[in-house]
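Q: Residue numbers (my numbering), protein chains in the order written: chain P, 678 to 1073; chain E, 678 to 1073; chain L, 678 to 1073; chain S, 678 to 1073.
Glycine is no exception: its CB is placed at the ideal position from the N, C-alpha and C atoms.
Below is a structure I'd like to ask you about.
There are 4 protein chains.
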Amino acid sequence: MHAAAKKIRMGFVGGGEGSFIARAHRQAAGIDGRFELVCGAFSRDPQNNQRTGAALGLAAERCYDDWQTLLESEARLPAEQRMQLLIIVTPNHLHAPIARQALSAGFHVFSEKPAALNLAEVQALHSVVISSQRIYGLAHTYLGYAMVWQARDMVASGVLGRVRKVIVEYPQGWLSTDVAGQGNKQAGWRDDPTQSGIGGCIGDIGTHAFSLAEFVAGQSIQFISAMLGSHVEGRQLDDDVAMLFKMTEGASGVLLASQVCAGEENPLKIRVYGDKGGLEWHQEEPASLIHRPLNEPMRILRSGVGQPWLCAAASQRMRLPAGHPEGYLEAMANLYGGLAEAILQGADDHQAPGVPGIETGLRGMAFIETAIANHRGNAKWSEIPAQLTGAANHEQ
Amino acid sequence: MHAAAKKIRMGFVGGGEGSFIARAHRQAAGIDGRFELVCGAFSRDPQNNQRTGAALGLAAERCYDDWQTLLESEARLPAEQRMQLLIIVTPNHLHAPIARQALSAGFHVFSEKPAALNLAEVQALHSVVISSQRIYGLAHTYLGYAMVWQARDMVASGVLGRVRKVIVEYPQGWLSTDVAGQGNKQAGWRDDPTQSGIGGCIGDIGTHAFSLAEFVAGQSIQFISAMLGSHVEGRQLDDDVAMLFKMTEGASGVLLASQVCAGEENPLKIRVYGDKGGLEWHQEEPASLIHRPLNEPMRILRSGVGQPWLCAAASQRMRLPAGHPEGYLEAMANLYGGLAEAILQGADDHQAPGVPGIETGLRGMAFIETAIANHRGNAKWSEIPAQLTGAANHEQ
Amino acid sequence: MHAAAKKIRMGFVGGGEGSFIARAHRQAAGIDGRFELVCGAFSRDPQNNQRTGAALGLAAERCYDDWQTLLESEARLPAEQRMQLLIIVTPNHLHAPIARQALSAGFHVFSEKPAALNLAEVQALHSVVISSQRIYGLAHTYLGYAMVWQARDMVASGVLGRVRKVIVEYPQGWLSTDVAGQGNKQAGWRDDPTQSGIGGCIGDIGTHAFSLAEFVAGQSIQFISAMLGSHVEGRQLDDDVAMLFKMTEGASGVLLASQVCAGEENPLKIRVYGDKGGLEWHQEEPASLIHRPLNEPMRILRSGVGQPWLCAAASQRMRLPAGHPEGYLEAMANLYGGLAEAILQGADDHQAPGVPGIETGLRGMAFIETAIANHRGNAKWSEIPAQLTGAANHEQ
Amino acid sequence: MHAAAKKIRMGFVGGGEGSFIARAHRQAAGIDGRFELVCGAFSRDPQNNQRTGAALGLAAERCYDDWQTLLESEARLPAEQRMQLLIIVTPNHLHAPIARQALSAGFHVFSEKPAALNLAEVQALHSVVISSQRIYGLAHTYLGYAMVWQARDMVASGVLGRVRKVIVEYPQGWLSTDVAGQGNKQAGWRDDPTQSGIGGCIGDIGTHAFSLAEFVAGQSIQFISAMLGSHVEGRQLDDDVAMLFKMTEGASGVLLASQVCAGEENPLKIRVYGDKGGLEWHQEEPASLIHRPLNEPMRILRSGVGQPWLCAAASQRMRLPAGHPEGYLEAMANLYGGLAEAILQGADDHQAPGVPGIETGLRGMAFIETAIANHRGNAKWSEIPAQLTGAANHEQ
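What follows is the structure, encoded as structure tokens:
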């Protein structure tokens, strides 16, 4: 007799009506059927909170007024009923306070990025993560794509030779006009430093480009020279960033991120060149990984279950045969898969396999602070603090 | 106080270990969180059946030995616990027998295509569907894509003017060699007429091309002239089909479907041309709909929540902002969404809104039989039986 | 001391002001600098004729009133001054009469296609070509593209294994409205059977698709089943064609050609599939040849001087390094290069190496007549006359 | 009676056997038939020189031993026979000395870029150009593409609104290995500072990216922050460059140029974003200009004679109908067309309409020197000398 698989009980803080990202988390978690939603504190508006919970099938008593109540109440429930994993999808300034308290109360955490509002706060959170022995994951969703792992594997196994150049870009256009002033809530809190932190575009998407570059190249960005800009009247934070960088193993490159590239959607893209060839991947066409071996025809490695050219890490992140597109939700589902594995195995490490964690959070925040300081100063190059550079190589 | 949303209870026939399509159904149903799996008869192999159920978190007593037992046992359960929707993912020859009995027992049905093994059997099933007043859906997944609805809407609203040409193609390559002989189960039963019916490629994917053409063009294919082929030694059924066709409203076109186009993945593609412009859509890049207005620059309509150019039917089939790829599972999830709507609203019609139903099954089977007869005979043109041609315009 | 290279003296019949194709011929011939224009009878309008000649730098006395005068006058000139090659760029009905007389008078001929108005006339011309021992070339320009030769070479050398499927399409849109009625001269004579022959679209571009399919596949199209259409009121000839076909070595396929695919430009495209892989080439992106080897990643073979994967025939048709686009004029220049080689070497064969000749003309006309007869009749399949099928393999 | 058009008599310095660029110049000049080659000093190797001249049909007496002899001898010929335009296709260090002397002797000049080896030398040349009243053109071939002019026109006419971002990139891969050491002559002299100047990649292709950015954006690059690199052992000059920049009218951007992006061909690409939309153009697919208007579907403007959306400057640079690819040679032929117009009209200005001239040379050299100085120093930003910034807006 086989024991029936149990689902992991998860709760949400944030994600009331109209939240795109919370819905995406629930959809992603739903794909592989390993989670069930058991509680939430979705909104500070009690009506919104209750409506959201009801629509999601939650019992009213597990739809809590605020996150403190959620943590306290769930902690008192029997272990068999109690929430196991807390998903944090609030504005940025709440990420760290909630995460710290949840971890301390014994819950696993999966948090939207950034990990916190500034580097000191991430460092404090880091200590809590380490001591809690709970899983802490950070929703760097793009690192969940199968072909990103394929690219990383090909670099690591030497297919490109020695890496020389890394070009990563993320030119969005949705903040080309004053959408915050026109009532867009997502744009609104993102431009409020008390909720968003000191970085605008650089924090929102620059960190995605940064973590992707380090993840694929397998080396850390050490020195950067940055230019930030803000292009709409009344906007407080940056909406555009470009920088030159040098990496720890000798590669150099360029990072672009912008939210005023009018007309662009979400074209995160990375190119890596070594002395034996190059790789190119576009998030908007995630099934294709372009490989240009030196002096041979370019090849397009396509994803799909059973494709013989895929590495193990890529293969296990695919669900469908070639030609059946998988996308953003499936990439996020891969992160949820890593969380599920770690939780079910009772791992006492804080790091779920294949899921970006607190080290990625440290790196990202150091990147933001260093870039903004460099932009404001006169020095050409600034170094991302050395004690934090160990994290570019995420464990698998 | 808001009542908590209830999930729809679903069961599976078929889909033991290794079944791609059953897993895809479960993943698709999981995305929007409106279904819960409550029972199954996954495999005739008892071990496989129990293992599958256990892995899916089912209680052993609702993991039934065969589909007859499943139907009988579920029917005896209290209404609050009883399965509501049966998903049929068996080989083709079982689709109709199971569907007939499930409908008669009062269950809603969502069946893999084809609806049955031959036209007579689909007609018999059609009668049962009508009299049962239960929902019957057919997994023509490609009709769940948002941009397919956008294309259909643009044709219907006259953006292309009078439709003249429809070119639909579906060239796969996975049967280029004797994969059935090499142990591929999917390929094996598909080439066994007792399990698959008289059509090979034409039934498996030709019907997808056919239903897509009628759906988007908004008119029926009336006359066809077909050529079928079989290219691998020992293969019993066709692996390749091409045909010319004429439609009821005056358009003409070409339909290609093949499983021996070596190296191709799943590039279902449709082009429609009218006197005012043309449209083009590729399943492998489903977010883009190419529109070529006469004497104006070509435009690429991109999908995404909130894109102002999308029709209502397309918009409601999107989950993510532009540039966040959605794919095959999300298209199938759209069909599950239609099923959920219909079931929750207690619709007494057999047709779930936006979900292909038994009429699509009738059309598809008439198409298969007409094409094969035409291929074998000497007549240039054969007519798809007229009494069945009402179904090209799926209700929304 | 090296003798200075002499340029080949060429003359034109047709190509007065406003002729696109005549200008393209002169531009193509100019690229490699092996020809000089010495005479012409450009227009039956004497003013237009003289203006055209003057603009091209011709002396007035070699700008003749009509083609008969041109042939007679040039024949009387000393060999050192006399035209060597006549370019025929008139409407279709004049191609054969002029070519016959020019060949008989000892001139080499490069004619726009079709070779003549009907099959009997091509056969008569064929006899003259053979007996004249002069070069006769036909401007099937698309057979001048380097990557078409690369595709042909890969098929011939077995890279694809046994060829099973050939899909060739040529969907233009420029005749979607009554452009002839609106004064477009090119469209006007093309729709006049006395100038154009019995075929409209099938003759104008269907023959390009046909010759490309035979050229690349290395086998002849033997049986066809065709559907033609005409979509604009008052139009006399077909503007749209689709057909199924079977080839001499067992491959089957589909040919599409249309001039009412609104919004399309000039996307001639061919796909060939064998049991070991597939190839795909698009005229609008001529530098890329897509190769899909079975069970290996797809590859994009790019053209360019020195690319190590190119066959000799492709390499010698390139002028620029990879990434420097070559296009239609360069493809036509490759045909001029073949003519130059043949003329300079004093070849007594009628066939210039790499240049489609009278056999291609015979095949094309047999194709047109067979397709139209099939379309009008009740038979499913019609055979292209067997005695003409030797020409599918153009000599290199 | 119309007077016969005379061809412009041109001569070459440089371009012996094996020179790609000289052959490209001759092919480009040949397309529109407005030039005839009358003399040359092709190589310092007398055998090579004579063979080249003979192969090109030159009389031996106009195939000169060196460029000094060429200039002297041609100057003594009667005006009706004398060379009018000198094409300079030597290694870089000879560009300025030859150009100066040729202009002084009354010849028009079309020079490969760069104009000279350093800024002082360009300034000296600039004086000679001004005083000579002869045409001086610089082969910035990419500024000859029709769709580059279309892009420039759309920016200038406000289609994008206020320009905010310019991203220009030119990642080649051909110097990924030590091809100079392996005998590649083109690579060899390019890495010799005495022949090439102080810039490697930045001079060879960085200047193309630079001039394209200024040309399309219609504003000048004022401040730059640059990083250069050299990646192959023994290489003397840079093979890779990246920089941030700020423009005179408020736009900022990034410029990338590299010759060690292994596997890349020649993908010069520019993107420009304003507050109303964005534009994107790729040299390897030059017929398409992507336009992303804010809040409207993206559009692809395609080139071709008669396309109603093209501006006059783009239209007059097209030869063929849409879908008939034009490429690099046609872009260069557009520069030759501008030279021909200017020479035939006896313009006493030194600037041929639509042809980059000495001002572009000044800008390019100031760019090279500023970038290298910035790279070597500690300052974050360096300014391209202000007195030279007037040239970003090329006259049409």
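1) Return the CA-CA distance between Gln727 (chain E) and Leu747 (chain E), expressed in angstroms with no decimal places.
2) Answer with buried or exposed for Ser929 (chain L), where buried requires no fewer than 16 other C-beta atoms within 10 angstroms of its C-beta.
3) Based on the DSSP output, what are the partners of Arg979 (chain E) in its beta bridges?
4) For Thr818 (chain P), I'd like the list of residues in its chain whose CB is within less than 6 Å of its CB, leaving aside the five on either flank, ordered along the chain.
5) Are the beta-carbon atoms belonging to Gln704 (chain P) and Gly821 (chain E) less than 9 Å from one another?
6) Does the distance from the CB of Ile1049 (chain P) to the CB of Leu905 (chain P) come in under 9 Å?
7) Closer than 8 Å is the cut-off here; do at least three beta carbon pairs connect the stretch 734–744 of chain P with the stretch 784–793 of chain P?
8) Between Glu1072 (chain P) and Gly1031 (chain P), what straight-line distance do the alpha-carbon atoms span, to the nearest angstrom?
9) Given a threshold of 16 other Cβ atoms within 10 Å of its Cβ, counted over all protein chains shown, does Gln758 (chain L) qualify as buried or as exposed?
10) Quick one: is Trp986 (chain P) near chain L, going by C-beta distance under 9 Å?
11) Name, in chain order, the residues that DSSP records as bridge partners for Ile947 (chain L).
12) Give me the chain S residues within the contact set of His908 (chain P), using Cβ-Cβ distance strictly less than 8 Å, ordered along the chain.
13) Check the Cβ of Glu738 (chain L) against every Cβ in chain S and list those closer than 8 Å, keeping chain order.
14) Is there a Cβ of chain L sitting closer than 9 Å to that of Gln1073 (chain E), yes or no?
15) Check each residue of the stretch 695–722 of chain E: if its Cβ is closer than 8 Å to any Cβ of chain P, include it; give the result in chain order.
16) Quick check: the Cα distance between Met920 (chain L) and Leu956 (chain S), rounded to an integer number of angstroms?
17) CA-CA distance, Gln913 (chain L) and Arg979 (chain E)?
18) Taking all protein chains shown into account, decide if Leu1021 (chain S) is buried (16 or more other Cβ within 10 angstroms of its Cβ) or exposed.
19) Would you kindly report the start and end of the unbroken alpha helix (DSSP H) that includes Lys862 (chain P)?
20) Taking C-alpha atoms, which residue in P:Gly693, P:Leu796, P:Gln1028, P:Val893 lies nearest to Ile844 (chain P)?
21) Given that Leu933 (chain L) touches chain E, what residues does it touch there, using C-beta distances under 8 Å?
22) Per DSSP, Leu815 (chain S) forms a beta bridge with which residues?
23) Since I believe Ala823 (chain L) is in contact with Arg994 (chain L) (beta carbons under 8 Å), could you give me their beta-carbon distance rounded to a whole number of angstroms?
24) Pick out whichever of S:Gln761, S:Ala793, S:Ile764 has its Cα sitting closest to the Cα of Pro774 (chain S).
25) Specify, as a first and last residue, the run of the alpha helix (DSSP H) that Asp830 (chain S) falls within.
26) The beta strand (DSSP E) that contains Ser888 (chain P), what's its start and end?
27) Using DSSP with H/G/I as helix, E/B as strand and the rest coil, what is Met760 (chain P)?
28) Taking Cβ-Cβ distances below 9 Å as the criterion, which residues of the stretch 968–979 of chain L are in contact with chain P?
29) Flag Gly860 (chain E) as yes if its beta-carbon sits less than 9 Å from any beta-carbon of chain P, otherwise no.
30) Taking just the CA atoms, how far does Cys938 (chain P) sit from Ala1150 (chain P)?
31) Tell me whether Tyr862 (chain E) is buried or exposed, calling it buried when 16 or more other Cβ atoms sit within 10 Å of its Cβ.
32) Between Val832 (chain E) and Leu932 (chain E), what straight-line distance do the alpha-carbon atoms span, to the nearest angstrom?
33) Can you give me the start and stop residues for the beta strand (DSSP E) that Val918 (chain P) sits inside?
34) Which chain E residues sit within Cβ distance under 7 Å of Pro963 (chain P)?
35) Hey, would you say Asn725 (chain P) sits closer than 9 Å to Gly693 (chain P), going by beta carbons?
36) Scan the stretch 974–1050 of chain L and note each continuous beta strand (DSSP E) run of 3 residues or more that stays entirely inside, going in chain order.
A: According to the data block:
1) 14 Å
2) Classification of Ser929 (chain L): buried, given that the 10 Å Cβ count is 16 or more.
3) BP columns for Arg979 (chain E) point to E:Ser965.
4) Ala1008, Met1009
5) Gln704 (chain P) places its beta carbon 9 Å or farther from that of Gly821 (chain E).
6) yes
7) no
8) Only weak support is given to the placement of Glu1072 (chain P): the predicted model assigns it a pLDDT of 44, under 50, and the question is left unresolved by the model.
9) Only exposed fits Gln758 (chain L), as fewer than 16 other CB atoms lie within 10 angstroms of its CB.
10) Chain L contact via Cβ: present.
11) L:Val845, L:Trp958
12) Those are Arg841, Asp952, listed as they occur along chain S.
13) By Cβ distance, chain S contributes nothing, its closest Cβ being about 11 Å from Glu738 (chain L), past 8 Å.
14) In this prediction, Gln1073 (chain E) scores a pLDDT of 38, lower than 50, which makes its location untrustworthy; no coordinate-derived value is stated.
15) Shown in chain order are the members of the stretch 695–722 of chain E whose Cβ falls below 8 Å from a Cβ of chain P: Phe697, Arg700, Ala701, Arg703, Gln704, Gly707, Ile708, Asp709, Gly710, Leu714.
16) 40 Å
17) 39 Å
18) exposed
19) Taken as a continuous stretch (DSSP letters only), the alpha helix (DSSP H) holding Lys862 (chain P) covers 862–867.
20) P:Val893
21) Ile844, Val931
22) Beta-bridge pairing links Leu815 (chain S) to S:Ser788.
23) 4 Å
24) S:Ala793
25) Residues 823–833.
26) Taken as a continuous stretch (DSSP letters only), Ser888 (chain P) belongs to no beta strand (DSSP E), being part of the alpha helix (DSSP H) at 884–894.
27) coil
28) Per Cβ criterion, the list reads His968, Asn972, Glu973, Pro974, Met975, Arg976, Ile977, Leu978, Arg979.
29) Proximity of Gly860 (chain E) to chain P, defined by a Cβ-Cβ separation below 9 Å, is not satisfied.
30) In the structure as shown, chain P begins at 678 and stops at 1073. Residue 1150 (chain P) is therefore absent and cannot be evaluated.
31) A small correction: the amino acid at residue 862 (chain E) is Lys; Tyr does not occupy that position in the sequence shown. So Lys862 (chain E) ends up on the exposed side.
32) 19 Å
33) 917–924
34) Pro1002
35) A distance below 9 Å separates the beta carbons of Asn725 (chain P) and Gly693 (chain P).
36) Taking only runs of at least 3 residues, the beta strand (DSSP E) segments lying wholly in the stretch 974–1050 of chain L are 975–979.
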